[in-house]
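Asks: Sharing a structure below in C-alpha cells format, with a few things to ask.
Protein chains: 2
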Amino acid sequence: MTRQPGKPGMGRGGSPPDIQHAMWLARSFGRTDYLLLRPEDLAALEGAGSYVSKYPGTHLFRQGEASTAAYVIQKGTVELYRGDHTESMVVARAGAGSVIGDIAMFRDEPYFQSARAVDAVTALRIERNRLLPVLMERPVIALRWLVAGLSQLERTQRRVLGLLHRTVLEQVAGLLLDEADDRGEIHLSQAAIARLLGTSRQSVNEALAELRSSGAVETGYRVIRLIDRPAAARAAAE
Amino acid sequence: MTRQPGKPGMGRGGSPPDIQHAMWLARSFGRTDYLLLRPEDLAALEGAGSYVSKYPGTHLFRQGEASTAAYVIQKGTVELYRGDHTESMVVARAGAGSVIGDIAMFRDEPYFQSARAVDAVTALRIERNRLLPVLMERPVIALRWLVAGLSQLERTQRRVLGLLHRTVLEQVAGLLLDEADDRGEIHLSQAAIARLLGTSRQSVNEALAELRSSGAVETGYRVIRLIDRPAAARAAAE
DNA sequence: CAACATCTGTCGCCGCCCCGACATTCCGGA
DNA sequence: TCCGGAATGTCGGGGCGGCGACAGATGTTG
C-alpha cells in the first residue's frame, strides 16, 4: 500500500458531494472493475454517514463497546487489536479503503476488537440504522461492501498461513515486502513489527540482523530500507 | 432462534425497497452463530445454480484453478487447505451454510486454496455469471451473503488470536470445545487435529495426555469425549 | 546543552515444540 | 479369523524463540 504524505488537519462537517470523494470511494471497494459504482450510489453512501478525524493514538472504538457504527477509512492507517492494557495482540492493520467495525455491527454484537489510529486518520462513520436501508436500496453498494469484506478475509487467511510453520525470519521478510513504500522504506519500530507478528522484539532484531548481514536490508532508527528485494523475497521463502 | 412464521415471500423483482424488510433484517441479524446462509436463503439461490455431490476425499476445487463458481455447502464438512502434496496447511473448516470459493470468484482470480470434502458433501454450485444478477435483484440475499462472509472473517480473526501466544495445550482445549457435538464427542484423529492447528501429532498427543490426566477428557480411537467442560475451558485459558 | 524517553543491538538461560523412531492398539476387509 | 494399514502412546535430541537484563545510540524536550 503506498502511503501518501497528505496534508494534516482537515475534517470539516457537512460538505457537498465531491467528485474526488466519489473517485476515492470507487477505488476503495476492491480491485474488481466489472461492477462500477455510480455517482448516485456514492452520494447515497456518503449521505448515510459523516466524516470523523482522529489523531494518532486515539481510538475509533474499543473492544466490548456496543457496535453502533461501521467505518470506511479514507486516509491513514488503523490498527485492529485485542487484549487488555498489559498485552495486546494485533489482529490486522487497515489502510485507506478498508471497512472496519462492520462485523460486529452487522451481527449486533459488541466490538470484538479495538481500533486505534496509527497516524492521522479520517474515516466515514456510518450508523447501522442508516446503512441497512441504503444497502437494501442499492445492491451495487452492497456488492461492493461484500467484495471489500471478502478481500479482508483473504488477507487474514494469508496471515494464518504466514503464522503456520514459518520462522520469524521468514515472517519478518514477508512483512517488510508487504509494508514497504515506493521508496522501499518501512517506517516501523522493531517493537511494532514484533506486535504485528505476535513475536518478541528481540527475535525481530535478530531476524533483521540476519537480513542485514546478507545485504537484503539496511536498518536505522525507526526505518528499514529494502536494498535487495529478491534477497528479501528469498528469505521470506514464499 | 425463533423464526417468524408469517414471513411472506421475500423481495420479488421490481418492487420498491421495503423499509419493513430492512427493520426485520436488522432484528434477525443477531446470533447467527454457525448457521451462515439459512435454508430459505439457499432455496432462493437454487435457481441460479445446481447441486453437486462429493464423496469423502474428493475435491470441489483445487488451488490455482480458474475460479468460475462459488459453492454453498448444504450438507457435510469441507476442509480448505493450501499447499503441495507433501505438506498442506488447513486454512479453515466449513460446515453447512458456509460459502466457499466466493473470494476468488468475486475478484476473478484463481482459487487461492483447495477445498476437499471431509465426509459426504452436497453443495450448491453457482456460476459467477448467474450469481451476480441474483444478488443485484435480491438485496436480502446479498446482505445475507455479506454477513456470511463477515462471520467467516471473524472466525478467521479469532483463529489468528488463537495462534498467537497460545501453547498447544491451550489450542487443543479450545478446539475441542469448539468442535464437540451435542454429546461432547469429537470425531477427529489426532493427526487431523494437528493439521488443523498447524502443529505436530506428537504435541497434540501430549496435550491430550495432559487433559486426560486432569480428568477433562477421555480419549479413544478416533474419538475424544469431553468429560469436564469447565476443566477444558480452564485449560484453554480463554 | 543537559536530562530524559525511546529505540536498537546483544547475550544467556530455559522452555516449548518439531522431528525421528519405535512399540502398541484398533479396525476393516479378504 | 487373520492380516495389514492406520491410529495412538511415548521417548530423547535438538533447535527456535520467549524472556530478562543491560549497554549504547538516537531523537525530544525544557
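Here the protein sequences line up with chains A and F, keeping their order.
Note that the working numbering has the first sequence beginning at 2, numbered continuously upward.
Note that the working numbering has the second sequence beginning at 2, numbered continuously upward.
Cβ atoms here follow ideal geometry from the backbone N, Cα and C, with glycine treated the same way.
Does any CB atom of chain F fall closer than 8 Å to the CB of A/Asp-103?
Replies: As a first step, residue 103 of chain A must be located in the first sequence, where it is residue number 102. True, the Cβ-Cβ gap to chain F drops below 8 Å.
Asks: If we call anything under 8 Å between Cβ atoms a contact, is F/Glu-110 one with F/Arg-94?
Replies: Working through the second sequence from its first residue, we reach residue 110 of chain F at position 109. Working through the second sequence from its first residue, we reach residue 94 of chain F at position 93. No. Outside cutoff.
Asks: With a CB to CB cut of under 8 Å and the five nearest residues on each side skipped, what residues in its chain are close to F/His-60?
Replies: For the purposes of this step, residue 60 of chain F is taken as the residue at position 59 of the second sequence. Once the five neighbours on either side are set aside, the close Cβ partners of F/His-60 are Ser-115, Ala-116, Arg-117, Ala-118.
Asks: Go ahead and pull the three-state DSSP assignment for F/Ala-45.
Replies: Taking the second sequence and counting its residues from 1, the one referred to as residue 45 of chain F is at position 44. Helix, per DSSP.
Asks: Check whether the Cβ atoms of A/Val-124 and A/Gln-64 lie closer than 8 Å to each other.
Replies: As a position in the first sequence, residue 124 of chain A is number 123, starting the count at 1. As a position in the first sequence, residue 64 of chain A is number 63, starting the count at 1. The residue asked about is misnamed: residue 124 of chain A is Ala in this sequence, not Val. Contact flag unset, no.
Asks: Kindly provide the ranges of any alpha helix (DSSP H) runs that are 4 or more residues long and lie completely inside the segment 111 to 190 of chain F, ordered along the chain.
Replies: 129 to 138, 140 to 164, 169 to 180
Asks: Could you name the residues that DSSP lists as bridge partners for F/Ala-218?
Replies: In the second sequence, the residue the question calls residue 218 of chain F occupies position 217. Note on residue identity: the sequence assigns Val, not Ala, to residue 218 of chain F. F/Val-218 pairs with F/Leu-227.
Asks: Confirm, please, whether the CB-CB distance from A/Arg-139 to A/Ala-232 is below 8 Å.
Replies: By 1-based counting over the first sequence, the position of residue 232 of chain A is 231. By 1-based counting over the first sequence, the position of residue 139 of chain A is 138. Not in contact: A/Ala-232 and A/Arg-139 (Cβ atoms no closer than 8 Å).
Asks: Could you tell me the boundaries of the beta strand (DSSP E) in which A/Ala-70 lies?
Replies: Locating residue 70 of chain A in the first sequence gives position 69, where the first residue counts as 1. Taken as a continuous stretch (DSSP letters only), the beta strand (DSSP E) holding A/Ala-70 covers 70 to 76.
Asks: Could you work out which residues of chain F lie near A/Arg-160, taking near to mean beta carbons separated by less than 7 Å?
Replies: Position 159 of the first sequence, counting from 1, holds the residue named residue 160 of chain A. In chain order: Val-161.
Asks: Find out if the Cβ-Cβ distance for the pair F/Ser-190, F/Arg-223 is shorter than 8 Å.
Replies: Walking along the second sequence from the start, residue 190 of chain F turns up at place 189. Walking along the second sequence from the start, residue 223 of chain F turns up at place 222. In this structure, F/Arg-223 lies closer than 8 Å to F/Ser-190 by Cβ.
Asks: For A/Ser-89, write down the residues that DSSP places opposite it in a beta bridge.
Replies: In the first sequence, counting from the first residue as 1, residue 89 of chain A sits at position 88. Note: A/Ser-89 sits in a beta bridge opposite A/Gly-84.
Asks: Report buried or exposed for A/Thr-168, applying the criterion of at least 16 other Cβ atoms within 10 angstroms of its Cβ.
Replies: Here residue 168 of chain A refers to the residue found at position 167 when the first sequence is read from its first residue. Exposed, by the Cβ-count rule.
Asks: Select from F/Val-73, F/Gln-172, F/Pro-57 the residue whose C-alpha is nearest the C-alpha of F/Glu-47.
Replies: The residue given as residue 47 of chain F occupies position 46 in the second sequence. Here the closest residue by C-alpha is F/Val-73.
Asks: So with CB distances below 7 Å, who are the chain F contacts of A/Thr-157?
Replies: Numbered from 1 along the first sequence, position 156 holds the residue referred to as residue 157 of chain A. Those are Leu-154, Thr-157, Gln-158, Val-161, listed as they occur along chain F.
Asks: Across which residues does DSSP place F/Ile-194 in a beta bridge pair?
Replies: Here residue 194 of chain F is taken as the residue at index 193 of the second sequence, counted from 1. F/Ile-194 is not bridged to any residue.
Asks: Are there three or more Cβ pairs, one per stretch, closer than 8 Å when the segment 165 to 185 of chain F is compared with the segment 50 to 60 of chain F?
Replies: no
Asks: Should the segment 124 to 138 of chain A be called in touch with the segment 191 to 209 of chain A, which here means at least 3 C-beta pairs below 8 Å?
Replies: no
Asks: Under 7 Å between beta-carbons, which chain A residues line up against F/Pro-140? List them in chain order, please.
Replies: For this step, residue 140 of chain F is matched to residue 139 along the second sequence. The contacting residues are Leu-136, Met-137, Pro-140, Ala-143.
Asks: May I ask you to list the residues that DSSP assigns as paired with A/Ser-51?
Replies: Along the first sequence, one-based indexing puts residue 51 of chain A at 50. BP columns for A/Ser-51 point to A/Arg-126.
Asks: Since F/Gly-50 and F/Arg-131 should fall inside the 8 Å C-beta cutoff, what is the C-beta to C-beta distance between them, to a whole number of angstroms?
Replies: One-based indexing of the second sequence puts residue 50 of chain F at position 49. One-based indexing of the second sequence puts residue 131 of chain F at position 130. Confirmed, about 7 Å.
Asks: Quick check: the Cα distance between A/Val-92 and F/Leu-162, rounded to an integer number of angstroms?
Replies: Counted from its first residue, the first sequence places residue 92 of chain A at position 91. Counted from its first residue, the second sequence places residue 162 of chain F at position 161. Taking the straight line from one Cα to the other gives about 7 Å.
Asks: Hey, quick one: how far does the beta strand (DSSP E) through F/Leu-61 stretch, first residue to last?
Replies: Taking the second sequence and counting its residues from 1, one reaches residue 61 of chain F at position 60. Note, F/Leu-61: beta strand (DSSP E), 60 to 62.
Asks: Since F/Ile-101 sits in a beta bridge, which residues does DSSP pair it with?
Replies: As a first step, residue 101 of chain F is located in the second sequence; it is residue number 100 there, counting from the start. Answer is F/Tyr-72.
Asks: Which residues in chain A have a C-beta closer than 8 Å to the C-beta of F/Val-92? List them in chain order.
Replies: Position 91 of the second sequence, counted from the first residue, corresponds to residue 92 of chain F. Near F/Val-92 (Cβ distances below 8 Å), the residues of chain A are Gln-158, Val-161, Leu-162.
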